[in-house]
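One point on numbering: in full-length UniProt numbering, the residue at position 55 of the sequence shown is 55, and numbering is uninterrupted. We put the CB at the ideal spot given by N, CA and C, even for glycine. The block underneath contains the structure these notes are about, expressed in structure tokens.
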Amino acid sequence: MDRDPGTWLPYCPYYAVAGEMLSRRWAPAVLRALVTGPKRFGEIAAAIPDMTDKLLSQRLKDFEEQGLVERSLGSGRPPRVEYRLTEKGVELGDILLDVNRWALKWIDLPERRRATHAPVTRRSRSNAAQVKGTQ
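Right, here's the structure in full:
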């Protein structure tokens, strides 16, 4: 199969797989949280307050298996675990930033969703306190 991006086919299995990866619940939000640099689990969770820890853990594991995210252990007790985008993930992150720019220009959100910050919930407050306490 020709992988030349200039060749347009009605169905492309590569595009389909990429679309499936990004259409999983919260997947783009997790990648977007990592675009600005390495983060600890609690920092990612605080950036996406409506996402459960279980689902965040699963997405990070999925992205590790797909080669988009790298998990690293730092020294110290307890060991400091950080997640960062791989080269493959950074390239996808660039595309997500383009999608973000497009969305800001063309998507009209209802007034209730236009807030610049996520609503403060019990979980987001506790995560923010944990992150703040670990820095």
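Quick one: residues in its chain with C-beta nearer than 7 Å to the C-beta of residue i, no 5 flanking neighbours on either side, listed in chain order?
i	result
Pro38	Glu82, Tyr83 and Arg84
Trp8	none
Lys88	Gly67 and Leu68
Thr86	Gly67, Leu68, Val69 and Glu70
Gln130	Here the model assigns Gln130 a pLDDT of 47, short of 50, so the residue's position is not dependable, and the following value carries that caveat. Only Gly42 meet the Cβ criterion.
What's the gap between the Cα of residue i and the Cα of residue j?
i	j	result
residue 139	Gly76	The shown model of the chain, from 1 to 135, leaves out residue 139, and the question about it has no answer.
Leu73	Glu43	16 Å
Arg40	Ala46	10 Å
Trp106	Leu97	14 Å
Pro28	Ala16	16 Å
Using C-beta distances below 6 Å, list every residue in its chain close to residue i, excluding the 5 sequence neighbours before and after it, in chain order.
i	result
Met51	Trp26
Val35	Gly93
Arg32	Leu96
Asn127	Model confidence at Asn127 stands at a pLDDT of 44, short of 50, so the residue's coordinates are unreliable and nothing is read from them.
Val99	none
In the structure shown, what three-state DSSP assignment does residue i receive?
i	result
Leu104	helix
Tyr11	coil
Between residue i and the rest of its own chain, which residues show a CB-CB distance below 8 Å, the 5 nearest in sequence each way excluded?
i	result
Gln58	none
Leu56	Trp26, Val30, Phe41, Ile44, Ala45 and Ile48
Relative to the alpha-carbon of residue i, which residue among the options has its alpha-carbon at the smallest distance?
i	options	result
residue 145	Leu96, Thr36, Val90 and Met21	Here the chain comprises residues numbered 1 to 135, so residue 145 is not present and cannot be evaluated.
Does residue i have its Cβ less than 8 Å from a Cβ in chain D?
i	result
Arg59	You won't find chain D in this structure, because it holds only one protein chain.
Q: Pick out the complete alpha helix (DSSP H) segments inside the region 24-112, 4 residues or longer, and give them in chain order.
A: Here the runs fully enclosed are 27-34, 41-47, 53-65 and 87-106.
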